[in-house]
Structures are given as C-alpha cells and as structure tokens.
Amino acid sequence: MALKVTVFFGSVREGRWGFRAAKYIAQQLRKKDYEVFLYDPEAIPIPLLRKPFHHYQNPDDAPQYLQDVRKEIISSDAFIVVAAEYNHSMPPALVNAMDHFHPDDYRHKPCGICTYSYGSFGGVRAGVQLRSFLGELGMITPSYMFPIPTILESFTEDGVPQNEHMIKNTEKLIDEVGWYAQALKNHRESIPPPV
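Here the sequence shown is numbered in my numbering, starting from 76 and rising by one per residue.
Here it is in structure tokens:
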C-alpha cells in the first residue's frame, strides 16, 4: 500500500511564487508512487482561527472543509511544508491552517521542510522556526531542509526546475521524508504510539 503525503503550501500572498515548488514536489512524490494531498490555501480557504476542529463536541458539526482536510491529515503517513519567509518568520496562512487541527492529528509522523525566497537566503529563517512549530505539533523533522533561493529563477511558473540543484534537492527531501515515513509507520503498526 502506498504511503500518503500531505504537502502544505503556506501562502495566499499575491504571486504565490512558491506554488511552483509545491507543484513540482507533489509531482515527484506521485512519480515515486506516493499518494499526495496538496493543501493549497487558495483552493481550500480556511478562515482565521476562531474554533479549531477539536473544539467541536460533535465532529459532524464542524464545517465540511475542516472535516475534509482533517481526513486527509489523519490518513497521511508524512507531511512536507512548502513555506515562504514573511518578515523573517513563518507565513501566517500556513500557521493558521495547521492550527485548526489538534497535535494528535499530526503526531509521530515526519514532516519535511522546504522554504523559499525571492532573494538569496531561501527562507531559512522561516525554516528554523518551522522546526520548533512542527515539533510542538508532534511531528519529527528530518535534519535535511530544502531552501530554495531566487524562486523565480529556480522554477518556471508551471513548476519546472531550472537547474540540477533543484532536482537533486527535491529528490533528497522526498527520500528523507519517505524513509522516516516508512520507518515510523512500521513502528506504529508494531508498537502503538503513547497516548
């Protein structure tokens, strides 16, 4: 049975340059036979957090979009976050979307980090903060992080990488996340996670 990966894209800002990388990562995951759910906040707009999913006494009372996204999250074996750096920090659309769900929905699963920027630093400051944020949601982040500098030169609008570095680093990110996903899935199946 194929492993499932949710790719969280974290921007609704004008231009959404990083969606180029998110599309490519999702495409490469599918080529390696992963089942993929690409969360795009433009396609599934989650409003500002007022009531997270787990605050509904009856889950059927939660808005349908929250029920649908949660089903994708809890059925995933791994996650990859594709995030810009906003004011030296994480993008608010990403944090808002992920905070709608309880840490138990993410716990004991790996999450790869891909950051990007218009300039030469590749969004690494957001990546450093994402490690802490994702850890508090119960995810394991592999040590490898994929920063993409000069996103407009690195990928075409259609998500085609423009240099070998992007191809190799995408493959490395997927391989790292995939290894952890399979290892942790095997372990969860033999020894249930602590409650």
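Quick reminder that beta carbons are idealized off the backbone N, C-alpha and C, glycines included.
Which residues share a DSSP beta bridge with residue i?
i    : result
M220 : I188
Span of the beta strand (DSSP E) holding residue i?
i    : result
Y193 : Neither: Y193 is in no beta strand (DSSP E) and is coded neither H nor E.
V170 : Note, V170: premise wrong, no beta strand (DSSP E); alpha helix (DSSP H) at 167-174.
E110 : 110-114
V156 : 153-159
T81  : 79-84
Let me know if residue i comes out buried or exposed under the rule of 16 or more other beta-carbons within 10 Å of its beta-carbon.
i    : result
K126 : exposed
K243 : exposed
S151 : buried
Y140 : exposed
Y99  : buried
K146 : exposed
From which residue to which residue does the alpha helix (DSSP H) around residue i run?
i    : result
V144 : 139-149
K107 : Careful: K107 lies outside any alpha helix (DSSP H) and carries neither H nor E.
Specify the secondary structure class of residue i as computed by DSSP and reduced to three states.
i    : result
P127 : coil
P236 : strand
I215 : strand
Taking contact to mean 3 or more Cβ pairs, one atom from each stretch, closer than 8 Å, check whether the stretch 125-133 and the stretch 95-109 are in contact. As far as the Cβ criterion goes, the stretch 125-133 does not touch the stretch 95-109, which means the pair count is below three.
Using 8 Å as the cut-off, can you tell me whether the stretch 214-229 makes contact with the stretch 182-193, which would need three or more C-beta pairs spanning the two stretches below that distance? Enough Cβ pairs lie closer than 8 Å, so yes.
Tell me whether the stretch 117-125 and the stretch 201-215 touch, counting them as touching only if at least three CB pairs, one residue from each stretch, are closer than 8 Å. As far as the Cβ criterion goes, the stretch 117-125 does not touch the stretch 201-215, which means the pair count is below three.
Stretch-stretch touch, CB-based, cutoff 8 Å, three pairs: the stretch 156-166 with the stretch 85-92: Result yes; three or more Cβ-Cβ pairs closer than 8 Å.
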